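Colleague: Just so you know, we're using my numbering here: the sequence shown kicks off at 47 and counts up by one.
All C-beta atoms in this analysis are idealised placements derived from N, C-alpha and C, irrespective of residue type, glycine included.
Just so you know, these numbers come straight off a predicted model, no measurement behind them.
After the structure tokens below, expect a handful of questions from me.
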Amino acid sequence: MFLTRFSLRNPAALFILTLLVAFGGIYAGAQLKMETMPDVSIPILSVISIYPGASPEDVEEQVSVPIEKAVRGLDGVKNVYANSVEGVSVVVLEYAFSKDLDEAKREVEEALANVALPDAVKPPSVSRLSFGSFPVAILTVSMPAEKAHKLAATVNESLVPALRSIPGVAAVEASGLPPKTVLIRLKPDKLKQYGFTASQVVQQLQANNLTFPVGKANLGGIDHPIRVGDTFASLDQLKALYIPIFPNPSAAMAEGLKGVQEGFHALGGAVGQLGQGMGQLAQGVGTLGQSVGLLQAQVQLLATLNQAQGALFALQEQAGKLQLQLANPALSDAERRQLEGQLAQLRRQIAVQQEVAKQLAAKINALAQQNAATLNRLGRGAAPANRMPPSVAPPSPTRAQMTTPKTLKVVPLGDIAEIGFAESDVESLTRTDAKPSVLLQIYKSPDANTVAVTDAVKEKIAEWNGNGEGLTVVPFFNAGDPIKESVFTMVNKAFLGALFTVLVIYLFLRHARSTLIAVVSIPLSVLIAAILLHQMGITVNVMTLGGLTVAIGRVVDDSIVVIENIYRRLRQAAPHERNVALLLDATREVAGPITSSTLTTVAVFLPLGLVSGVIGRIFEPFAYTVVVALLASLLVAVTVVPMLAKSVMLSSRDDRPHRESALAAAYRRVLAWSLGHKAFVLSTAFLLFLASLALMRFVDTAFVPSGKEKLLSVKLDLPPGTNLHQTSARSLVLERMLLRDPDVARVTAIIGTSSEARKRSAGQENSGPNTSQIFVQLKEEADVEQALARVRRQMGALAKANEKIVVREVNFNAPIQGQAEVIVSGPTLAAIKPVAEAIMKKMAAIPELVNVTSNLQEAKPEIVVTVDPKKAAQYGLSEAQMAGAIQEVVTPREAGEVTIGGVRYALRVQTGDEPPASVDALRNLSISTPTGREVRVGEVAQVAVKPGPVALLRLNGEPYVSVKADITTQATGSVLATLQRELATLSLPQGVQVKMGGESQQQKEAFSQLGVAMVVAVGAVYFVMVVTFGELLAPFAILFSLPFAVTGGLLGLFLTGQPLSVSAMIGALMLIGIVVTNAIVLIDRVKKNEAAGMATREALLEAGSTRLRPILMTAIATVLAMSPLALGLEGSALISQGLAVVVIGGLTTSTLLTLVVVPLMYDALMRIRSRVRRNVAVGVRG
């Protein structure tokens, strides 16, 4: 009791310290970073690879499988998911939460450095997932129809730069705008004339669009950095790029053969020297053939060297960029380590490429020397005596052409291509209220304040909407608003908690000054908590605010017990006994039980560390906040409260005689009767507990409660292969129908999928130009359930036979909520396909499941070119050569980026004017052969349209099928249980496995882990009480208050219709610590009475009468403080009604039954102990 004694002896010092703490708390609270959710790093790494134009089968075989094999054996990898869709491979690595993701990312990048992928695959990118990787604001931008042509320029030149200039904004992504590119259209006839390929042009563009820092030179005592190269800054510079013309081995061979033919003609005029001439001619022809072969090998090596140098230049450019990033002093240690790891990996790759280039150069030099010696022999002949007659000697032009030139001829790029600005094919469109718009997604930097960023964005929106240019910018999503709403909720809750505390204390004590003391403990406890949270680096987010909101109902409890005991002691004491010593003794009397009760509440949060996964990490800030606030309230109760009591209560006079209240007297009579009828009372209480368990059948389960976003999602899926414009036209019909609904405020549609979105959604089979995502914002007064049912009916009536329309309520807290998923895995697709089809039938038979789909259900048409090996070989062609030739015409090649006039453009290379628009056009496509001839694709290959899968999925090296369905009811738990029973009836082939995924799996894991946490929490609470009481039986009696908390919690969920969700389970976990506090206060008084010489029954009756008032005061104050949350008036979705309902219901029943059942159990246990001790004593004497 040193702290209490110090506070009573030094009130002035404590008062100053309290003011300092208050100001410090205000300052710390203002400095706390605000964000929507805790920035939890989910232990998942994704490896995303872009393979333009590749089918899902090719993506899987050539990209996903090699990457999967390279990373499966890495340390700490639990599961590897590989998702292959058209043009995109996503390999997802799942780790345990204990894994250092920075280290894991370095290991993955090192493993990828050794993976050989096709040249057309862009370098894989490794990224990690966290809540901070989602946008903090989403805007829709539109203009009137007469100004719509200015929208793209306005967004690119004004809005995006303005948003990027906001402090804390890391990136701004625009959807719905066609990407600007510089397109280089190669002329096929010019390529043929100079013997070029599109790949060679791309390599020259990449190799000449770089700058290299190569060192420095000291000139006149001053260091000058040396830089080689430059980047393209205009179209004229691109046109002036010179492309080297390498010798054509086919042409050289043809020229050599022409010379041989001329020799044969000359031979006919020199019959007299036939023998000698024929001998020399044979030698010359042989030497000539050897030279042609050497030259052909040399040219092929030159092309290979050119490719290696292009790759080397690209790696050096990436290394240079990383070095510039490392020069930034603002980098964090983690970011610096990550960049250094990437740089080290690049340097290793550069060293490998340099060695390859060195070896190729050596081979080329050796071949050049060998070829020169061969040609010299051809010119000199074998010997003068045997020299070929001049009439049959090889012509000099042939010798000149077969000699390696000292320099190469060049041709400007502008001579072989048309170069200009172009708009790439539109990948996605956006509309707002059926009018064209642009979607802007704003991402913040990791250390930025979400509210500050979103408030600055709002200011920009106000400026743009009022500039008179017809620009309409509408916030579609703003992460700052829920945070500010939560802050308002917390402040409002604190006010309500203080108000309820005032009412409760005043109604019980009828003493105004005592009431004011308790009120002080609320803001002071919160401010102390703010200081500690700031020091712990915890941010203000939905979870911390929820923790404070919940804690406010408890922070007054300790102060109430201290104030009530001081007030009671002052009423009982004579006037001369009302002094500081009495205050110290009154505080000391209850310091033990309130410390024990607070520590038990704190102890229940320790097992939350056993809850793994995302839920465990999300609730960590919640647990820390509650623990810190409760410890702060305990500190306030034993220091500030006695000090204030000395100032305002000692000087007050209350001459009313102290007598037992009518309520206490009635309770004493009930307790006395119950002690005489223990069997009946305990049996009745036990039956009530058993009856409450029957409510479990009527209380459904859910993973996370539904939010209140008032936002619906309408997903339109047309048959795979449907182009973007057809999808847009169909989506527009739905959008206009939705706008006619009276409850709809705004409709935003995203048609198709942008490149960035494709990366993020590659694991979803329903993304692409055949899809439209329509978001429906409801009006504030709209009823979400009614609107959802109505929109489902409307969309169902509009849906055609070949399309799918899915309507859902959007829940930002749980994106997978309302969806059932079954994963079927096995050795082959053939083995798992029948099982997946059987599961789809079972799911379709469950009424609450709709929109049953799988990744194998739909097929997308693809053009398959089957090469005839014999015919292709006759033309000197292979499958790889044909694939490369077709790709040059069909798919524009990425050649990097250029910055012109301050605007960055993608640089693309395409052969010809337009790609083939039909299968026949592809069959008639001409390609060049190594012999110099032209051949049509249809002459050497079969071209046909065949169905192909939309997506191919693999899990740990085996294929799997994901079967999904939407749940139409809030009772997700019962639907998933029904599905689980249906799955149990399946007969599975050998090697095929079936398991639940999605919400079902997460719910199962979270509930089982929280169940374990509750068991451990009970043990932790019992341990704290054993330490407090110094014995085993008294704490054991207190534990009997816990079952009746279950009774109230289940009854509360049943009466309010709330599901048993994760938040409700957290409420049940809290109850373990809360409900025992009342019993601790009661039994502590009993033990003191027994120590003073009272019999057990007399001690129980006195303690019950004395402690009744503080027990009821704390319980009622907590219940009333949580009432707004339970009524759904305030609070977030994760810390929502479920938690408050469980706490209120459990606290109510446990408090009422604790006042009777715990004393009865204590009396029974004490009697048993006394009987055992007597029997032991008798045995010892006997």
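If you draw a straight line from the C-alpha of V853 to the C-alpha of L545, how long is it?
Modeller: 43 Å
Colleague: Put N432 into one of helix, strand or coil per three-state DSSP.
Modeller: Low local confidence applies: a pLDDT of 41 at N432 is under 50, so the model's placement there is unreliable, with the coordinate-based value given in what follows. N432 falls in the helix class under three-state DSSP.
Colleague: Compare the Cα-Cα distances from G1043 to each of R51, L1022, V1062 and report the closest residue.
Modeller: L1022
Colleague: Pull up the DSSP beta-bridge partners for R792, would you.
Modeller: Paired residue(s): Q823.
Colleague: Looking at C-alpha atoms only, which residue of H580, V566, G99, N254 is the closest neighbour of A74?
Modeller: H580
Colleague: Do you know how far the Cα of M582 is from the Cα of I1118?
Modeller: 26 Å
Colleague: Alpha helix (DSSP H) containing M1229: first to last residue?
Modeller: Outside the displayed range of the chain (47 to 1228) lies residue 1229, so it cannot be described from this structure.
Colleague: Give me the Cα-Cα distance between L542 and G222, rounded to the nearest whole angstrom.
Modeller: It is roughly 47 Å from the alpha-carbon of L542 to the alpha-carbon of G222.
Colleague: Quick check on V949: does DSSP put it in helix, strand or coil?
Modeller: strand
Colleague: Under 7 Å, do A575 and A740 count as touching if we go by C-beta distance?
Modeller: Their beta carbons are not under 7 Å apart, which means A575 does not touch A740 by this criterion.
Colleague: Might you give, ordered along the chain, the residues of its own chain that have their beta carbon closer than 6 Å to the beta carbon of E114, omitting 5 neighbours on each side?
Modeller: Short of 6 Å from the beta carbon of E114, and not among the five residues preceding or following it, lie these beta carbons of its own chain, in chain order: V126, A128, V137.
Colleague: When you compare only the Cα positions, how much space is there between A637 and V760?
Modeller: 58 Å
Colleague: Are F1090 and P1081 close, meaning C-beta to C-beta below 7 Å?
Modeller: Contact flag unset, no.
Colleague: Any contact between the segment 498 to 511 and the segment 179 to 189? By contact I mean 3 or more CB pairs, one from each, below 8 Å.
Modeller: yes
Colleague: Please work out which residues of its chain come closer than 8 Å, Cβ to Cβ, to N511, disregarding the five sequence neighbours upstream and downstream, and give them in chain order.
Modeller: L517, T518, V519
Colleague: With a threshold of 16 other CB atoms inside 10 Å of the CB of A1137, please say whether the residue is buried or exposed.
Modeller: Of the other Cβ atoms in all chains shown, fewer than 16 fall within 10 Å of the Cβ of A1137; this residue is therefore exposed.
Colleague: To the nearest whole angstrom, what separates the beta carbons of S567 and V602, a pair I think is in contact under 8 Å?
Modeller: Their Cβ separation, rounded to whole angstroms, is 6 Å, which keeps S567 and V602 in contact under 8 Å.
Colleague: Any idea what DSSP makes of R786, helix, strand or coil?
Modeller: coil
Colleague: Please give the ranges of any alpha helix (DSSP H) in the segment 1042 to 1093, keeping only runs that are unbroken, at least 4 residues long and fully inside the region.
Modeller: 1044 to 1075, 1079 to 1084
Colleague: Could you check what DSSP says for M1207 in three-state terms: helix, strand or coil?
Modeller: Three-state result, M1207: helix.
Colleague: Applying the 10 Å Cβ sphere with the 16-neighbour rule, what's the burial state of F522?
Modeller: buried
Colleague: Going along the chain, which residues of its own chain have a beta-carbon closer than 7 Å to the beta-carbon of A59, five neighbours each way excluded?
Modeller: none
Colleague: Taking only three categories from DSSP, how would you classify L549?
Modeller: In the structure shown, L549 sits in a helix (DSSP, three-state: H, G or I).
Colleague: Between F242, I851, T685, A1172, which has its C-alpha nearest M780's C-alpha?
Modeller: Just to set this straight, residue 780 is Leu in the shown sequence, not Met. Closest by alpha carbon: I851.
Colleague: Is Y769 helix, strand or coil by DSSP?
Modeller: The residue you asked about is not Tyr; residue 769 is Asn in the sequence shown. It is coil, neither helix nor strand.
Colleague: With distances taken between CB atoms, is the gap from V1009 to V881 smaller than 7 Å?
Modeller: no
Colleague: Going by Cα to Cα distance, which pick from E149, D276, L573, A216 is closest to L66?
Modeller: L573
Colleague: Tell me which residues share the same chain as E925 and place their Cβ nearer than 6 Å to its Cβ, disregarding the 5 neighbours each side in the sequence.
Modeller: V913
Colleague: Rounding to the nearest angstrom, what Cα-Cα distance links R714 and G1150 in this structure?
Modeller: Straight through space, the alpha carbons of G1150 and R714 are spaced by roughly 7 Å.
Colleague: Is the segment 1152 to 1169 touching the segment 1115 to 1130, taking contact as three or more C-beta pairs under 8 Å?
Modeller: Cβ pair count under 8 Å is three or more, so yes.
Colleague: Could you tell me how far apart the beta carbons of S818 and Y1006 are, in whole angstroms, since I believe they sit closer than 8 Å?
Modeller: Not a contact, Cβ separation roughly 28 Å.
Colleague: Quick check on K285: does DSSP put it in helix, strand or coil?
Modeller: K285 carries a helical assignment under DSSP once its states are collapsed to helix, strand and coil.
Colleague: Decide if I1214 is buried, meaning its Cβ has at least 16 other Cβ atoms within 10 Å, or exposed.
Modeller: exposed
Colleague: Assign K262 to buried or exposed, taking buried as 16 or more other Cβ atoms, counted over all protein chains shown, within 10 Å of its Cβ.
Modeller: exposed
Colleague: Got a sec? Which residues, its chain only, sit under 6 Å from P112 by beta carbon, not counting five neighbours each side?
Modeller: V161
Colleague: Short check: CB of G1094 to CB of T1195, under 7 Å?
Modeller: At the C-beta level, G1094 and T1195 come within 7 Å of one another.
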